[in-house]
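Residue numbers (the numbering used here): 4 to 665. We put the beta carbon where it would ideally sit given N, CA and C, even for glycine.
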């Protein structure tokens with residue numbers, strides 16, 4: 004029985020040797036060494052009877068046994084030290100009964116001679132490759148120091164995707180993953196996980212709340228159907244109970260690092276309100292802990308990943324090119340991907356984008372929060388084996404937390420937008436109608452919609468003459484007080500305030516929300532305003548000010564209703580002859596009169612007391628119009644006392660002036 008003891012970034016790793024063992028950087032090797040100095044096919048260790056022989060395959064940098072370069076092949080003896088590039092191993096040949104138990108949390112340090120070892124791995128089942136990375140150099144910026152192996156009792160956590168090495172031992176039960184996620188390249192006979200449809204956030208992202216899409220990120224689409232070096236399930240992980248980690252320093256260290264990164268990320272970006280600045284801070288925070296050179300954040304916009312922010316430390320100024328193969332796989336499988344050598348991982352399908360864009364190492368993680376995919380975090384480097392499995396764990400944790408901050412930021416902008424809309428709509432619609440529009444229960448789309456409406460116009464009689472003898476400040480104060488009472492009444496009957504026109508008011512019933520009794524609502528509103536105006540006038544008379552006289556005009560018919568205007572200034576209004584006719588009826592009305600057209604009168608019930616006036620000539624009409632004056636409402640309401648002429652003084656000169664305006 005023989006084995007290799009490899010030095011890893013986390014401690015020793017033991018590999019049981021088979022009949023034939025190939026070592027090299029390519030994923031097809033039995034033992035894949037993620038070392039940039041190791042050749043693709045570096046050497047072979049073969050069993051010949053009772054001995055094992057190492058044969059160099061013409062590697063560029065050679066294979067050394069006990070510091071002597073192997074020329075051709077050489078027999079291996081117990082405790083021989085083997086060096087391949089920067090990777091160091093020890094060959095052990097001992098009867099099975101004499102093998103010591105596998106190492107747990109206690110490791111024997113190797114002499115440090117500039118030979119970094121391999122990344123964590125474990126015994127693999129027959130036919131499956133093993134991947135080992137060289138040990139990080141002393142100046143590594145990775146947040147984890149070299150770790151020790153976890154004891155056998157934490158094997159389940161390592162297999163569950165925690166990114167920690169599994170101690171050697173018997174193969175795991177059938178159906179259980181034998182390799183620690185993020186460290187072992189999948190073999191060609193491994194069935195890939197079934198694609199999972201990408202899920203967009205439940206509330207969705209609107210481009211109105213996202214930063215402008217960056218034009219400095221290029222997505223390479225000419226690299227489909229390629230292999231991925233390694234992957235882990237990217238789920239949001241809670242902290243483990245203390246009882247599960249109290250006896251294991253590795254798990255305690257992992258949870259501590261996650262907590263530390265979470266705190267520092269929160270401290271750096273929690274108060275940021277601008278989405279663009281938020282994304283840039285997220286990338287810069289990650290670069291503090293990772294030896295990455297380029298980074299991109301993609302956001303899920305209408306089901307498509309759009310680049311929203313980028314950061315680079317390699318001195319380049321051009322576009323950052325990424326591979327759509329890795330990006331699509333992360334989106335579909337919702338798994339984080341780690342590739343130590345992109346050119347090798349994609350060699351089977353000629354990964355041109357990996358080579359041309361100088362992507363050697365990369366970590367790509369989905370940004371998940373509450374099981375929703377908000378985006379993808381991409382970081383890469385031009386160096387081989389730049390990232391370790393622990394880096395994959397940290398990036399995955401940061402990506403999930405970043406997704407939470409992005410959701411909070413975007414939802415905050417949505418709330419601000421809704422508040423602004425609510426304020427705008429509350430100036431046009433009654434509060435309950437405005438709330439229905441904001442909640443999407445009523446559609447108010449840009450452009451126009453043909454519908455039937457009742458248009459209401461009111462105007463102060465003699466306002467021009469009143470203004471001549473009054474200061475502008477007093478006029479503004481009077482109008483504001485008058486409009487306050489009138490608009491409250493319009494909203495009380497669920498009308499839509501269209502506009503103020505000097506001293507006039509235009510309101511609509513039937514858009515954007517319609518009711519079967521819209522004509523009656525508009526007439527009832529006019530009657531109510533007459534009563535309110537009477538109270539308003541009595542207060543003015545007590546102050547020694549002249550009372551106001553108001554005339555009303557109401558007409559019903561087809562209009563085009565919607566937001567109309569320029570791209571910079573839109574207002575909700577109605578267009579059509581109905582609006583013009585209503586305004587001209589208002590101009591004909593004396594103070595206190597509510598003039599309605601024949602079309603409106605036909606839609607009023609018998610409880611309204613109307614008197615027909617002599618036909619009136621209206622500008623724009625070929626024939627005189629039938630016009631009715633509404634004097635009251637029966638039987639539930641009587642003509643209010645405020646309808647008396649004393650409360651609404653009729654000024655013949657004002658009426659004549661109104662006629663002259665026509």
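A residue is called buried once 16 or more other Cβ atoms fall within 10 Å of its Cβ, and residue 4, having fewer, is exposed. Counting only the Cα atoms, residue 370 lies some 43 Å from residue 564.
In the DSSP assignment, residue 91 forms a beta bridge with 86.
In the structure shown, residue 522 falls within a helical segment according to DSSP collapsed to helix, strand and coil.
Collapsing the DSSP output to three states places residue 97 in coil.
Judged by beta-carbon spacing, residue 329 lies within the 8 Å limit of residue 365, meaning their Cβ atoms are closer than that value. In the three-state scheme derived from DSSP, where H, G and I count as helix and E and B as strand, residue 537 is classed as helix. Unbroken alpha helix (DSSP H) runs of no fewer than 4 residues, entirely contained in the region 475-513, are found at 475-495, following chain order. Relative to the Cα of residue 266, the nearest Cα in the group 401, 384 and 276 belongs to 401. With respect to the 8 Å criterion, residue 533 and residue 595 are classified as neighbours on the basis of their beta carbons. Contact between residue 527 and residue 608 does not hold, since their C-beta atoms are separated by about 11 Å, which reaches or exceeds 8 Å. Put simply, of 60, 61, 82 and 623 the residue whose alpha carbon is nearest the alpha carbon of residue 69 is 82. Secondary structure at residue 47: strand, using DSSP grouped into helix, strand and coil. For residue 561, there is no enclosing alpha helix (DSSP H); the residue is part of the beta strand (DSSP E) that begins and ends at 552-568. In the DSSP annotation of this structure, the continuous segment of the alpha helix (DSSP H) that includes residue 397 starts and ends at 392-429. Taking all protein chains in view, the Cβ of residue 627 is surrounded by fewer than 16 other Cβ atoms within 10 Å, so the residue is classified as exposed. Proximity of the region 400-416 to the region 383-390 falls short of the contact definition, fewer than three beta-carbon pairs being nearer than 8 Å. As computed with DSSP, residue 313 is found in a beta bridge with 299. Put simply, the backbone Cα of residue 603 is about 12 Å away from that of residue 561. Separation of residue 86 and residue 301 (C-alpha to C-alpha, rounded to the nearest whole angstrom) is 42 Å. Within the DSSP secondary-structure output, residue 598 pairs in a beta bridge with 556 and 632. Counted as a single uninterrupted DSSP element, the alpha helix (DSSP H) harbouring residue 330 occupies residues 327-336. In this structure, residue 20 sits near residue 55, with a CB-CB distance shorter than 8 Å. Residues 478 of the same chain have their beta carbon placed closer than 6 Å to that of residue 470, with the five preceding and five following residues left out of the count.
In the three-state DSSP reduction, residue 271 falls in the helix class (H, G or I).
With a 10 Å radius around the Cβ and a threshold of 16 neighbouring Cβ atoms, residue 277 comes out exposed. Counting the other CB atoms within 10 Å of its CB gives residue 91 a total of 16 or more, which places it among the buried residues. Residue 553 places its beta carbon less than 8 Å from that of residue 463. Secondary structure of residue 72 (DSSP, three-state): strand. Of the candidates 466, 286, 539 and 455, 539 places its Cα closest to the Cα of residue 489. Secondary structure of residue 619 (DSSP, three-state): strand.
Within the DSSP secondary-structure output, residue 55 pairs in a beta bridge with 50 and 79.
The criterion of a C-beta distance shorter than 8 Å is satisfied by residue 62 and residue 46.
About 13 Å separates the CB atoms of residue 84 and residue 72; that is not less than 8 Å, and the two are not in contact. The C-alpha of residue 324 lies about 49 Å from the C-alpha of residue 51. Residue state for residue 246 is assigned as helix, using DSSP reduced to three classes.
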